[in-house]
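Student:
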Amino acid sequence: MRNMKIGIAGAGLLGRLLAWHLSRQGHEVHVFDPAPHARPTHDGQGAAGFTAAGMLSPLAELETAEPDVAARGWHSIAHWRAIAADMGDNIAPRTPPCTPPRTSPRTPPHFAQHGSLMVAHGPDLGAARRVLSRLDRPQALLAAGSAAHHDAQARAQARAQVNAQPQALSPEQLRALEPELHGSGGPLHAWLLPGEAHIDTVAMMQALHDGAPGARWHWGTRVQQVTPGCLWLAPLADPSAAPAAAHAFDLVCDVRGVGARPTLPVRGVRGEVVWLHAPGVRLHRPVRLLHPRHRIYIVPRPGECLLVGASELETEDRGPVTLRSAVELMAAAHSILPALAEARILRLDANLRPALPDHRPHIHTEPGLMRLNGLYRHGWLLAPSLADEALRALALPGLPGLPGLPDTSIAPSA
Numbered sequence: 004m005r006n007m008k009i010g011i012a013g014a015g016l017l018g019r020l021l022a023w024h025l026s027r028q029g030h031e032v033h034v035f036d037p038a039p040h041a042r043p044t045h046d047g048q049g050a051a052g053f054t055a056a057g058m059l060s061p062l063a064e065l066e067t068a069e070p071d072v073a074a075r076g077w078h079s080i081a082h083w084r085a086i087a088a089d090m091g092d093n094i095a096p097r098t099p100p101c102t103p104p105r106t107s108p109r110t111p112p113h114f115a116q117h118g119s120l121m122v123a124h125g126p127d128l129g130a131a132r133r134v135l136s137r138l139d140r141p142q143a144l145l146a147a148g149s150a151a152h153h154d155a156q157a158r159a160q161a162r163a164q165v166n167a168q169p170q171a172l173s174p175e176q177l178r179a180l181e182p183e184l185h186g187s188g189g190p191l192h193a194w195l196l197p198g199e200a201h202i203d204t205v206a207m208m209q210a211l212h213d214g215a216p217g218a219r220w221h222w223g224t225r226v227q228q229v230t231p232g233c234l235w236l237a238p239l240a241d242p243s244a245a246p247a248a249a250h251a252f253d254l255v256c257d258v259r260g261v262g263a264r265p266t267l268p269v270r271g272v273r274g275e276v277v278w279l280h281a282p283g284v285r286l287h288r289p290v291r292l293l294h295p296r297h298r299i300y301i302v303p304r305p306g307e308c309l310l311v312g313a314s315e316l317e318t319e320d321r322g323p324v325t326l327r328s329a330v331e332l333m334a335a336a337h338s339i340l341p342a343l344a345e346a347r348i349l350r351l352d353a354n355l356r357p358a359l360p361d362h363r364p365h366i367h368t369e370p371g372l373m374r375l376n377g378l379y380r381h382g383w384l385l386a387p388s389l390a391d392e393a394l395r396a397l398a399l400p401g402l403p404g405l406p407g408l409p410d411t412s413i414a415p416s417a
């Protein structure tokens, strides 16, 4: 296929992923975004991908998501593994105290696949079992995984994913995996979710930007409208002050998230995270605390950092994190990881995730146009799978990494 001139509306996760891939294919890629620069702004206005915890948890998401979301998630993990391996050590430098340690190119610091954990305090065992019962949907997952892939090898791999089921852990087994996890009021109930992974979202967002050879990034530019082969750009300061200017491309990609309104009925769902610097506190995999009222997760980051977050808040408020939310997040984290008592609070972040009324992703392709949106709380879990499908629908090469088996091996805890 000839090289094309491609315009991408939005420099969030999907925009950077597409720019990284398409520019490496030799296409002339232009990316437009209202943000002032490629770095996170920490003001609730930038790309939601920076604020995300980066858990790649297809099995855990079966609690509320449909089986096809889990099937796509396993697909995406295979892509992220290949993308991370391709990048190796080429990660943008970070400022202390979250400076990742030096690692081998074979173990890039921004992707890890050691499984994840679900834990519950003793009195919450009943609520935890209800959650686990919703994860036990192997036949539905099998059907969705097989339907998501059209070749025999991919269907066989999808069938094998049924084996990835929660594994109950004894207190001794939990201690062997994560020695510092224990309840403030007694032993924790724990389950291992094999094959799940996590990714350093900030490092990967920067690496996708830095690794896009020749891509042209037009910061401070708002895309007002997207039509096949055309982006309509408006002044950022006052979009109504002058008519939008039309710019022609061979292909345009609309990945604006909440910014795609009114073209799509997108709403924002708030997510909040607390960044902690916890020297000496070792956590090797994401942990979800199962609670009757809410879900709290803790995700390790390079440089002795941890992210503590809550699944979702149904509001479009972009303001700072409230006292109540911060206290709930940190108290819940401390209740299962007591060593956090002396952790330092680096910052509190909030942002909006794009959701459609049915909470399902939207994918649309036609000559000259690609639209991807509605990734909701599954942005990092779904982005590679959706981008790969859209690229192939437009007869373009797909992303690195084929749909593959979940890697259910568990790395040593040390």
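Under this note's numbering, the letters of the sequence shown match residues 4 to 417, in that order.
Glycine residues also receive a C-beta, built at the ideal position from the N, C-alpha and C atoms.
Which whole-angstrom value is the C-beta distance of Ala63 and Arg291, which I expect to be below 8 Å?
Tutor: 6 Å between Cβ atoms; contact.
Student: Taking DSSP as the reference, what is the three-state secondary structure of Glu2?
Tutor: Nothing in the structure corresponds to residue 2, since the chain is present only between 4 and 417.
Student: Suppose you measure from the CA of Leu384 to the CA of His287; what does that come to, to the nearest Å?
Tutor: Taking the straight line from one Cα to the other gives about 19 Å.
Student: Among Phe252, Leu372, Leu397, Ala346, whose alpha-carbon lies nearest the alpha-carbon of Ala281?
Tutor: The residue with the shortest Cα to Cα distance from Ala281 is Ala346.
Student: Label Arg5 either buried or exposed according to how many other C-beta atoms from any shown protein chain fall within 10 Å of its C-beta, with 16 as the threshold for buried.
Tutor: Exposed: under 16 other Cβ atoms inside 10 Å.
Student: Under three-state DSSP, which class holds Arg270?
Tutor: In this structure, Arg270 counts as strand in the three-state DSSP scheme.
Student: Report the three-state DSSP secondary structure of Glu69 (helix, strand or coil).
Tutor: Three-state DSSP puts Glu69 in coil, outside helix and strand.
Student: Curious, which full-length beta strand (DSSP E) runs of at least 3 residues does the region 25 to 92 contain?
Tutor: Runs of the beta strand (DSSP E) inside the region 25 to 92: 31 to 36.
Student: Taking the C-alpha atoms as reference points, what is the distance between Met90 and Ile80?
Tutor: In a straight line, the C-alpha of Met90 is about 15 Å away from that of Ile80.
Student: In whole angstroms, give me the CA-to-CA distance for His192 and Ser328.
Tutor: Cα-Cα distance, rounded: 25 Å.
Student: What's the C-alpha gap between Ala130 and Pro295?
Tutor: Roughly 6 Å between the two C-alpha positions.
Student: If you measure from the beta carbon of Gly198 to each beta carbon in chain D, is any gap under 8 Å?
Tutor: This model lacks chain D altogether; it includes just one protein chain.
Student: If you draw a straight line from the alpha carbon of Leu59 to that of Thr224, how long is it in whole angstroms?
Tutor: Each residue's Cα considered, the two are about 31 Å apart.
Student: Who are the near neighbours of Pro190 in its chain, counting only those whose CB is closer than 6 Å to its CB and skipping five residues on each side?
Tutor: Around Pro190: Pro174.
Student: At a cut of 8 Å, does the region 381 to 397 reach the region 312 to 322 through at least three beta carbon pairs?
Tutor: Too few Cβ pairs lie closer than 8 Å, so no.
Student: By Cβ distance below 6 Å, which residues in the same chain neighbour Pro219 in space, the five residues on each side in sequence not counted?
Tutor: The sequence given here places Arg at residue 219; Pro does not occur at that position. For Arg219, where only same-chain residues beyond five positions count, the Cβ hits under 6 Å are His33.
Student: Please work out which residues of its chain come closer than 6 Å, Cβ to Cβ, to Lys8, disregarding the five sequence neighbours upstream and downstream, and give them in chain order.
Tutor: The residues are Glu31, Phe252, Asp253.
Student: Express the C-alpha separation of His117 and His381 in angstroms, rounding to a whole number.
Tutor: Cα-Cα distance, rounded: 19 Å.
Student: Would the region 392 to 403 and the region 366 to 375 be scored as touching if the rule is three or more Cβ pairs under 8 Å?
Tutor: Cβ pair count under 8 Å is three or more, so yes.
Student: Using three-state DSSP, classify Met333 as helix, strand or coil.
Tutor: Three-state result, Met333: helix.
Student: Can you grab the Cα-Cα spacing for the pair Ala55 / Leu351, in whole Å?
Tutor: Roughly 12 Å separates the two Cα atoms.
Student: Taking C-alpha atoms, which residue in Gly76, Arg27, Trp278, Arg321 lies nearest to Glu307?
Tutor: The residue with the shortest Cα to Cα distance from Glu307 is Trp278.
Student: Which one of Pro289, Thr266, Trp222, Ala335 has the shortest CA to CA distance from Gly13?
Tutor: When only C-alpha atoms are compared, the closest one is Trp222.
Student: Opposite Ser119 in the DSSP bridges: which residues?
Tutor: For Ser119, which the question treats as bridged, DSSP gives the partners Leu196.
Student: Please return the same chain residues whose Cβ sits closer than 6 Å to the Cβ of Val229, not counting the five positions on each side in sequence.
Tutor: Contacts found: Ala12, Val255, Asp257.
Student: Taking the alpha carbon of Pro10 as the point to measure from, which residue in Ser136, Pro231, Gly52 has its own alpha carbon closest?
Tutor: For the sequence presented, residue 10 should be read as Gly rather than Pro. The residue with the shortest Cα to Cα distance from Gly10 is Pro231.
Student: Can the beta-carbon of Gly404 be found closer than 8 Å to that of Ile86?
Tutor: Yes, the pair counts as a contact, with Cβ atoms nearer than the cut-off.
Student: I'd like the span of the beta strand (DSSP E) that includes Asp257, first residue to last.
Tutor: Start and end: 254 to 257.
Student: Out of Ala50, Gly401, Ala398, Val269, which has the shortest C-alpha to C-alpha gap to Ser359?
Tutor: Here residue 359 is Leu; the residue named in the question, Ser, does not match the sequence. Checking every option, the nearest Cα to that of Leu359 belongs to Val269.
Student: Check the C-beta distance from Glu183 over to Val302 and give it rounded, since I have them as a contact under 8 Å.
Tutor: Actually they do not touch by this definition, with Cβ atoms about 15 Å apart.
Student: Just list the residues that DSSP pairs Arg298 with in beta bridges.
Tutor: For Arg298, which the question treats as bridged, DSSP gives the partners Leu293.
Student: Quick one, are the C-beta atoms of Trp235 and Ala215 less than 8 Å apart?
Tutor: Taking 8 Å as the Cβ cut-off, Trp235 and Ala215 do not qualify as a contacting pair.
Student: Given this structure, state the Cα-to-Cα distance separating Gly188 from His124, to the nearest angstrom.
Tutor: Rounded to the nearest angstrom, the two C-alpha atoms are 8 Å apart.
Student: Could you tell me the alpha carbon to alpha carbon distance between His297 and Gly29, rounded to whole angstroms?
Tutor: So the two alpha carbons sit approximately 46 Å from each other.
Student: Could you check if Gly84 is buried or exposed, using at least 16 other CB atoms within 10 Å of its CB as the buried criterion?
Tutor: The question names Gly, but residue 84 in the sequence shown is Arg. Buried: at least 16 other Cβ atoms inside 10 Å.
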